[in-house]
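Before any comments, here is the structure.
In the numbering used here, the protein residues as written are 1307 to 1461.
So this is what it looks like as structure tokens:
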């Protein structure tokens, strides 16, 4: 039941991007349509992630980062299977084992839009590059079986 609900939520969220891409494809072709719609998917992801990724004032406040992020898990576990891989004073590493949004794009034949969703993580990281570092080696949006999100204190 959980998987079905996630699939429905994923399709519901990405449907405007699918409709826009399919509509623009008629006039400009699929690749150009993806290039037009993709940045909007990134902006959507970035704005959504602002609800998950806690704000801190600087590297000295990194201790509160994992604590506050975990407080938001109750919201995000409705969409994602999240596992904490490492947590200490300087590192907070998560594995996320599903993404209903990338999965919806993939299942609806627009897998080239999936990386744009993943780009939202990097956009948030850029905005916070003076507070913490972000690393990711795997992402569902490019075909991996999970995403690894590693947040590190700037030393």
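We put the CB at the ideal spot given by N, CA and C, even for glycine.
* **Opening and closing residue of the alpha helix (DSSP H) in which residue 1408 lies** => The residue labelled residue 1408 in the question sits at position 102 within the chain shown. Taken as a continuous stretch (DSSP letters only), the alpha helix (DSSP H) holding residue 1408 covers 1406-1413.
* How many Å lie between residue 1413 and residue 1356 at the Cα? -> As a working mapping, residue 1413 is identified with position 107 in the chain shown. As a working mapping, residue 1356 is identified with position 50 in the chain shown. Answer to the nearest angstrom: the Cα atoms are 26 Å apart.
* What did DSSP end up calling residue 1312 once you bin it into helix, strand or coil? -> Walking along the chain shown from the start, residue 1312 turns up at place 6. Residue 1312: helix per DSSP, three-state reduction.
* Unbroken alpha helix (DSSP H) run spanning residue 1469, endpoints -> Within the shown structure, residues of the chain are numbered from 1307 to 1461, placing residue 1469 beyond reach of any answer.
* Helix, strand or coil: which one does DSSP assign to residue 1328? -> Your numbering for residue 1328 matches position 22 in the chain shown. Correct three-state label for residue 1328: helix.
* To do: Take every Cβ of the stretch 1422-1433, pair it with every Cβ of the stretch 1333-1348, and state whether three or more of those distances are shorter than 8 Å.
  => yes
* Do you know how far the Cα of residue 1370 is from the Cα of residue 1421? -> Against the chain shown, residue 1421 aligns to sequence position 115. Against the chain shown, residue 1370 aligns to sequence position 64. One C-alpha to the other measures close to 29 Å.
* To do: Can you tell me which of the three DSSP states residue 1454 falls into?
  => Stepping through the chain shown from its first residue, residue 1454 is reached at position 148. Note: residue 1454 maps to strand in three-state DSSP.
* Beta-carbon separation of residue 1391 and residue 1375 under 8 Å? -> Translated into positions along the chain shown, residue 1391 becomes position 85. Translated into positions along the chain shown, residue 1375 becomes position 69. No, they are not a contact pair.
* Spatial neighbours of residue 1418 within its chain, please: CB distance less than 7 Å, with the 5 preceding and 5 following residues excluded, ordered by chain position. => For the purposes of this step, residue 1418 is identified with residue 112 of the chain shown, where counting begins at 1. These residues qualify, in order along the chain: 1340.
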